[in-house]
Structures are given as structure tokens and as C-alpha cells.
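Just so you know, my numbering puts the end of the sequence shown at 228, numbered straight through with nothing missing. Here a beta-carbon is modelled for each residue, glycine too, at the ideal position from N, C-alpha and C. See below for the structure under consideration.
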Amino acid sequence: MVDIRLLTENDAEAYAGLRLRGLRDHPEAFGSSYEEERHRPIDDLKKRLKERSTAENFTLGAWQGEVLVGMVGFYREAHLKMRHKGNIWGMYVAPEGRGQGIGRQLLEAALARAKNLDGLEQVNLTVVSTNMAARQLYLSLNFKVFGLESRALKIGEQYFDEEYMVLRLC
């Protein structure tokens, strides 16, 4: 059984652990790096989570008992001309949570919250083109590819392409 809920500043330790694990084990899946984030003070993460607890900017976590096994973030664009758009970011499910539908539950919960926002017309995300499981999940939820950024990320001497995807809400 998994419990999907809003992450708050009280969840900062668990969030930091899962985020660092994702950055370390799957560096190609994130724009941030383990090296950049591993020394970030826990108070910074508490502040971030507190700021991300609104209808338009939030981070959800998937809990199995007391263990955080997945997370996803959403934010709505702030500029007036872009407020019709929102963005999914930081999607990650730990290996022990995979294959159980947790990624789908997280994404569906984030999208359900986003769809309640007046005037929101689309949700965007990026995914590394080699992450077939994530790509398949997004496609199964009707996200469509609308672009490719070649060499979007560079880790050491290896480049990774990112696909831009959109889900139209209306």
C-alpha cells in the first residue's frame, strides 16, 4: 500500500535522502547533480518544501509505511503570458518501489491537482530519451513529444538528449 501526499518541511530529511539517491544513482535523469546537492543544508530543503506547498507549486511524495519511495514536483509558470502552462519536474521512484504503479500514482495525483487550477491548459515535462520506462509512462498518460534537445545534459564526456513532452488539458 502506498500513500501519496504533499511533502512538507517536516519531510525534508526523507526528501533529501531520496533526492540524493536519485541524483547519485541516475544522474542522467536530473538537471541537478549529486555533487551540487549533497552539501545543501537541510534548512534550505525545509524552506524549499515550505515554499512548494501551494496549489500552484508543490512536491508530492509516495510513502510505503514510513519510507519515502517516490516523488514528483509541479509548478505553474508565473509570468502572465505563460500562466496557461505548468511543469512536472523531479519525478523519481526508488528501485524498491518500481514495478508497482507508484510512478503512475504520483503522476496522476500531480495532474489531478494541476487540473484544478483555473486557466491551466497544458502540462510540460522533459525526459531523457534513453529512459524508456519513464517515456512509456508519460506516453500512456497521453503526453505527446513536441521536441528534442540534443546534448541537453553532459555527464563527464557523455551527452544525453532530452525529449520535451506536453499534455494538453483542453
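Query: CB contact flag (Ala-167, Leu-197, <7 Å); Result: no
Query: Residue range of the unbroken beta strand (DSSP E) whose run includes Met-149; Result: 143-151
Query: Segments of 3+ residues assigned as beta strand (DSSP E) that fall wholly inside the stretch 99-127; Result: 115-122
Query: Reference Gly-75, options Asn-145, Ile-100, His-137, Ile-213, closest by Cα; Result: Ile-100
Query: Per-residue DSSP class, three states only, for Arg-171; Result: helix
Query: Where Asn-68 sits in the DSSP three-state scheme; Result: helix
Query: Coarse secondary structure for Leu-197, derived from DSSP in three states; Result: helix
Query: Residue range of the alpha helix (DSSP H) that includes Glu-86; Result: It is not in any alpha helix (DSSP H) - Glu-86 carries neither H nor E in the DSSP assignment.
Query: Helix, strand or coil at Glu-207 [DSSP, three-state]; Result: strand
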